[in-house]
Amino acid sequence: MRKRETGQGSIRGGRRGQALVEACIGLALMALVWVLMTHVCYMRINHVRTVMAARHAAWLAGHKADTASSLGNFFNSQDAAYAGVSSESLAISAMGKSWSGADASAVRARVTFGVTLEQLDDTNTFPFALMKAELPFMPSLILTNYLSVDSQCVWPADVGNTWKDKSEAFKGVLSELINELGGVAKWIGSLFT
Amino acid sequence: MNIIAKIKRVRQDTGGSVLLLSGTMMFLVVIAVLLNGDMNRGVYERIAAQNAVDAAAETAALWEARGCNLLQHLNNLHYDGNKILFIAESASLTGCAAAIIAVPVAIAAHIWPPALAAANAAAVATCTLCTPAPYIDEGQEYFATAINKCQQLAQNLFPLLTLGYANSVAGEAGADDLTQVIPEYLGSLMDAGGVHWDGLDAVSSAMGFLPSAVDVHAVPLTLIGDDKFFEFGVKTQEGEGLPWKTPDWWNTMAQTVYPAAKAECQLPGFDFSSIFNSIMGDDRGDKWGWKDKYYRGNPGYMTWVAGKLTQDEVAGLGRLRWLYSDSTSGIEDSEKNHLYEKETLNPEGIKLKVPAFLALASSQVEGDPVVSQTDNVNAEGKIIAVYMPLPSYKNPTRGDKLLIYH
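Heads up: the sequence lines are chains U and P, in that order.
Residue numbering for the first sequence follows the numbering used here, beginning at 35 and increasing consecutively.
Residue numbering for the second sequence follows the numbering used here, beginning at -13 and increasing consecutively.
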């Protein structure tokens, strides 16, 4: 049987359709890069949103208001479902050293956007526990590192309590005295360690 | 096939050109996205610096307000205490005035025994009422001194608490060490202005030797007081009128009435003189009465500064020199520093960085300032529009436009 000839050689060595194949591969790669880069941009933009939201949440927490309400102001309505806010008390003194015995003098708010470890533990909502699956050689936690961003901000606690009441003032002075004595003791201790 | 033919064939070969084009496009997309990432990083750092300084300003305002309210509570306590003591001492001195009459009557009653018991009772009652007068007067002196000492302590301590807490909160909120931020920031400012000063290196090193026991994250640009660093802006004021100051006629009356009553109550002819001889206090002479001070004033506004250090750019983009215009590009220096700053201290060449940021925030205490007495203690700290502590901003107004370099 006679070989089917082409202008440039055999079928295996032929280049008919090569541009199409290259275009397919190139477009696929470009699509992949595009998706990855879009994700990167998306997460970076939301990272900036988290730092703004964290400030607002910390401010709300400092004024003893509900911090959850801050998310809707900074994320698009659909994205807000993937944003979470948490707050914790922070015991600090004017010396800058935390003192466990003191009343919380500051509050820390943390805003997370994306898939978090807490969500991975939840089997009811997306992305389900399946996201906890680890590929061989895949370091743990790396998935959430890629899929979530977070920011935190600290605000003075109980901003509204400016000791307008006499009892609050004297209680505050006593608490502050204990706090600072503890802070000084800890600071002195830190000089020797 | 000779070499020339091979080269000719390669030149004519169009295979892989689409992939090459795709690869180039992907590379450009990646670079664009990485640049975008750097820009995001800059925006993020700028916001983080502002968050930290806002938190510092509100903390400062909170502790200033607390200091004001504490001083006001102590003013009120002083005021109320003085009021009660004035009434008590006036009553006691009235007893003294009555004793001046009652004791001679009791002595005279020995002539007519039926009246002796009643006269003695009246004399004992008035002398007893008179007895505490000098003790009350002296007690008031101790009371006023104690209150003023507490206020003086608060006046000195609260600026330190304000400074310390604002600094601590700014650090926890993400502000970097200002001793490093300021030299970096000054370097970028000078670079943008085309000024190069080798001494900046020395300044940077010197600041690095500052005591590291307490990290400096936020500092006030404003000196609160007029003449002292970080004074609270609340000062002592001489009290006018009751109950801060007893009237002159009242003091004279006390100076006259008490010694006279004491002499009468201790007269040997009075049956109970031995008792009053032992319990009546010394005459206070010209110390009768009081003229107290209270605290008055307002901390005013404060402007705080905190910052973020320079950050390395994403993925080593600084090594792509074509991204950064050098001196041959024709682009002015001032245009080059919008996103990146040149690492002037690096003699090896150009290194791009996300610049250092400084952020400002101002706060003040609102509500009634510290006054002599009020039923409504209501000082509160607020964040306000940025006021710069410059001579031209001695009397700033809201909405003043300020040039702040970032």
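We put the beta carbon where it would ideally sit given N, CA and C, even for glycine.
By the three-class DSSP mapping on this structure, what secondary structure does residue i have?
i, result
"P120/P", "helix"
"R270/P", "coil"
"M64/U", "helix"
"Q112/U", "coil"
"E299/P", "coil"
"K(-8)/P", "helix"
"K98/U", "coil"
"V340/P", "strand"
"V357/P", "coil"
"K198/U", "coil"
"M239/P", "helix"
"A85/P", "helix"
"N332/P", "Per-residue confidence for N332/P stands at a pLDDT of 42, beneath the threshold of 50, marking its modelled position as unreliable; no derived number is given."
"T0/P", "coil"
"N134/P", "helix"
"P99/P", "helix"
"F129/P", "helix"
"G173/P", "helix"
"D24/P", "helix"
"D66/P", "helix"
"P285/P", "coil"
"A397/P", "The shown model of chain P, from -13 to 392, leaves out residue 397/P, and the question about it has no answer."
"L469/P", "A query on residue 469/P cannot be resolved here, the shown segment of chain P reaching from -13 to 392 and no further."
"F50/U", "Note that residue 50/U is Arg in the sequence shown here, rather than Phe. Residue state, collapsed to three classes: coil."
"F204/U", "helix"
Going by beta carbon distance, what residues of the same chain come within less than 7 Å of residue i, once the five residues before and after it are set aside?
i, result
"G335/P", "For G335/P, the predicted model reports a pLDDT of 47, less than 50, meaning its position is unreliable; a value from the coordinates is still stated below. Once the five neighbours on either side are set aside, G335/P has no close Cβ partner at all."
"A138/U", "S123, L124, A125, A191"
"N110/U", "none"
"A101/P", "A95"
"Y171/P", "G293, A342, L344"
"A51/P", "V351, A365, E366, G367"
"W236/P", "G275"
Within its chain, find whatever has a CB closer than 6 Å to the CB of residue i; leave out the 5 residues flanking it on each side and keep chain order.
i, result
"F72/P", "P229"
"R(-5)/P", "none"
"Q(-2)/P", "none"
"L54/U", "none"
"A84/P", "T112"
"G118/U", "T146"
"A130/P", "D278"
Could you name the residues that DSSP lists as bridge partners for residue i?
i, result
"S123/U", "V141/U"
"W290/P", "P206/P, A347/P"
"A117/U", "F147/U"
"I370/P", "S348/P"
"P190/U", "A140/U"
"D292/U", "Past the boundaries of the shown model lies residue 292/U; chain U is included only from 35 to 227, so the question cannot be answered."
"Y280/P", "Q223/P"
"K231/P", "K277/P"
CB of residue i to nearest heavy atom of the ligand NAP: below 7 Å?
i, result
"V243/P", "With respect to the ligand NAP, the structure offers nothing, as it holds no ligand at all."
In chain order, what residues of the same chain have a beta carbon less than 8 Å from the beta carbon of residue i, not counting five sequence neighbours either side?
i, result
"A77/P", "L115"
"L164/P", "V202, H203, A204, V205, V291, A292, G293"
- request: State whether the stretch 115 to 131 of chain P contacts the stretch 11 to 31 of chain P, with contact taken as three or more CB pairs (one from each stretch) at a distance under 8 Å.
  value: No: the two stretches stay apart, fewer than three of their Cβ pairs being nearer than 8 Å.
task: Examine the Cβ distances between the stretch 27 to 45 of chain P and the stretch 75 to 91 of chain U and report whether three or more of them are shorter than 8 Å.
output: Three or more Cβ pairs drawn from the stretch 27 to 45 of chain P and the stretch 75 to 91 of chain U lie within less than 8 Å of each other, which places the two stretches in contact.
Chain P contacts from the stretch 50 to 83 of chain U (Cβ-Cβ distance under 8 Å): Hits within the stretch, in order: Q52, A53, E56, A57, I59, G60, L61, L63, M64, V67, W68, M71, V74, C75, R78, I79, H81, V82.
message: I want to know whether the stretch 228 to 244 of chain P touches the stretch 60 to 80 of chain P - three or more CB-CB distances under 8 Å.
response: Touching, per the Cβ criterion.
field: the stretch 106 to 125 of chain U: positions lying closer than 7 Å to chain P by Cβ
entry: Within the stretch 106 to 125 of chain U, L124 place their CB atoms closer than 7 Å to a CB of chain P, listed in sequence order.
task: Using a Cβ-Cβ cut-off of less than 7 Å, list which residues of the stretch 9 to 32 of chain P approach chain U; keep chain order.
output: Answer in chain order: M11, M12, V15, V16, V19, N22, G23, N26, V29, Y30.
- request: Using a Cβ-Cβ cut-off of less than 9 Å, give me the residues of the stretch 190 to 211 of chain U that come near chain P, in sequence order.
  value: Those would be P190, D192, V193, G194, N195, T196, W197, K198, D199, K200, E202, A203, F204, G206, V207, E210, in chain order.
- request: Report yes or no: do the stretch 359 to 371 of chain P and the stretch 35 to 50 of chain P share at least 3 C-beta pairs separated by less than 8 Å?
  value: Yes: the two stretches touch, three or more of their Cβ pairs being nearer than 8 Å.
field: Touch test, the stretch -3 to 13 of chain P against the stretch 259 to 273 of chain P, Cβ-Cβ under 8 Å, three pairs minimum
entry: Output reads no: the stretch 259 to 273 of chain P does not touch the stretch -3 to 13 of chain P.
Residues, ordered as in the chain, of the stretch 42 to 55 of chain P that lie near chain U by beta-carbon distance below 7 Å: Those residues of the stretch 42 to 55 of chain P that come within reach of chain U (Cβ to Cβ, closer than 7 Å) are E44, T45, L48, A51, R52, N55.
message: Taking beta-carbon pairs under 7 Å, can you tell me which members of the stretch 59 to 80 of chain P lie near chain U?
response: For the stretch 59 to 80 of chain P, residues whose beta-carbon sits nearer than 7 Å to a beta-carbon of chain U comprise H59.
query: For the stretch 234 to 249 of chain P against the stretch 94 to 101 of chain P, are there 3 or more C-beta pairs whose distance is under 8 Å?
result: Touching, no.
query: Just checking, does the stretch 137 to 152 of chain P make contact with the stretch 102 to 115 of chain P on the three C-beta pairs under 8 Å criterion?
result: Two segments are said to touch when three or more pairs of C-beta atoms, one from each, lie closer than 8 Å; by this definition the stretch 137 to 152 of chain P does not touch the stretch 102 to 115 of chain P.
task: Closer than 8 Å, Cβ to Cβ, to anything on chain U: give me those residues from the stretch 355 to 375 of chain P, in chain order.
output: Those residues of the stretch 355 to 375 of chain P placed with their C-beta closer than 8 Å to a C-beta in chain U are V363, N364, A365, E366, G367, ordered along the chain.
query: When the Cβ atoms of the stretch 139 to 153 of chain U are set against those of the stretch 86 to 106 of chain U, are three or more pairs found closer than 8 Å?
result: The answer is yes - the stretch 86 to 106 of chain U touches the stretch 139 to 153 of chain U, with three or more Cβ pairs under 8 Å.
- request: Residues of the stretch 152 to 180 of chain P with a CB closer than 8 Å to any CB of chain U: list them in chain order, please.
  value: For the stretch 152 to 180 of chain P, the beta-carbon criterion of a distance under 8 Å to any beta-carbon of chain U is satisfied by N153, S154, V155, G157, E158, A159, G160.
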